[in-house]
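K.L.:
Handing you this structure, nothing more for now.
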Amino acid sequence: KETYTISNRTNRSFDYFYLDHVQKPGLQIVTKENLFDSSSDSFKRYLLKLQPNSNLEFTISQVSTSFSPYQFENKTISIHQIDFWHKEGLLDDHQNKIFRERALYSLRKEALSRDNLEPTKETIKDLLSKGYINNSLAKEIKDVVDLIEQSKNDIAKEQKMQDEMTELSTEQARIRENLKVASDMHDQELLKVYVTEMRKIDVMINDLRKEKKDLRTRANVKQEEATTKWELLLTK
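Under the numbering used here, the first residue of the sequence shown carries the number 1, and numbering increases by one thereafter.
Now the structure itself:
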């Protein structure tokens, strides 16, 4: 880049001030703002307006004539850099679309990878606000978030069932002590009551054990599905 500072020390304004910038060997002038005449191969002429008693700074950008955006093909390019190339005419609309897609892919993959297979609703909100994803991808990520939340809910229910089973086992231990006392007292009616209670608790524990196993299986399936979908999303 090369910046000119033009001083107008008069009380007059100038609507037509011509600035000629020489085309240097090995460089291409790419600034189009205020370009008045580009017919010459040796210089570019710019038309500027000067205000009374003021300074005007005007910057002209140049790039190497051997420059090609494709030499950056395997590097991460910022969206800002791509927009600049497009604005300056170094990328046509088709090239701009391709480079933006590549840049967004890199940015999206980096952002998604940081969540370590634990995306959240905040992840979706952040990526949407930055323009890294569209609504379609946001929905796919939300599906993964929902699966993870469902899996965690199932695991929480499983833990609650385990706590219930622990309480029932404690109750069984208490009844066994009472059974021993009733047996020593030869109290058949009391023995019958305690045996009935034991059988009821056995049924409850068995039911909880089965439901707990089903919950764990369901949670694992959902987690595996979420992981598979998430890994696929990282390739988009």
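All C-beta atoms in this analysis are idealised placements derived from N, C-alpha and C, irrespective of residue type, glycine included.
DSSP three-state label for Glu2, please.
P.N.:
Stepping through the sequence shown from its first residue, residue 2 is reached at position 2. Here Glu2 sits in strand by DSSP.
K.L.:
So, using beta-carbon positions, are Ile148 and Ala226 closer together than 8 Å?
P.N.:
Locating residue 148 in the sequence shown gives position 148, counting from the first residue. Locating residue 226 in the sequence shown gives position 226, counting from the first residue. Closer than 8 Å, so yes.
K.L.:
Going by beta carbon distance, what residues of the same chain come within less than 7 Å of Leu104, once the five residues before and after it are set aside?
P.N.:
Residue numbering aside, residue 104 sits at position 104 when the sequence shown is read from its first letter. Excluding positions up to five away in sequence, the list reads Tyr132.
K.L.:
How is Arg108 classed by DSSP in three states: helix, strand or coil?
P.N.:
Mapped onto the sequence shown, residue 108 falls at position 108. Note: Arg108 maps to helix in three-state DSSP.
K.L.:
Between the segment 181 to 194 and the segment 152 to 166, do at least 3 Cβ pairs fall closer than 8 Å?
P.N.:
Not touching, per the Cβ criterion.
K.L.:
Ignoring anything shorter than 4 residues, give me the alpha helix (DSSP H) runs that lie fully in the segment 110 to 161, in order along the chain.
P.N.:
Correct list: 121 to 130.
K.L.:
Could you check if Ser289 is buried or exposed, using at least 16 other CB atoms within 10 Å of its CB as the buried criterion?
P.N.:
Beyond the ends of the chain as shown, which are 1 and 236, falls residue 289; an answer cannot be given.
K.L.:
Do the segment 31 to 45 and the segment 3 to 22 meet, that is, are 3 or more Cβ pairs less than 8 Å apart?
P.N.:
Output reads yes: the segment 3 to 22 touches the segment 31 to 45.
K.L.:
Does the distance from the CB of Glu211 to the CB of Met165 come in under 8 Å?
P.N.:
By one-based count along the sequence shown, residue 211 stands at place 211. By one-based count along the sequence shown, residue 165 stands at place 165. Contact flag unset, no.
K.L.:
Would you grab the beta carbon distance between Phe17 and Ile6 for me? Rounded to a whole angstrom, and I think it's under 8 Å.
P.N.:
Position 17 of the sequence shown holds residue 17. Position 6 of the sequence shown holds residue 6. Confirmed, Cβ separation roughly 7 Å.
K.L.:
Would you please state the rounded distance, in angstroms, between the beta carbons of Gln223 and Ile201? I believe it to be under 8 Å.
P.N.:
As a first step, residue 223 is located in the sequence shown; it is residue number 223 there, counting from the start. As a first step, residue 201 is located in the sequence shown; it is residue number 201 there, counting from the start. About 32 Å separates the two Cβ atoms, so there is no contact after all.
K.L.:
Mapping the DSSP letters down to three states, classify Ser38 as helix, strand or coil.
P.N.:
Indexing the sequence shown from 1 puts residue 38 at position 38. Residue state, collapsed to three classes: coil.
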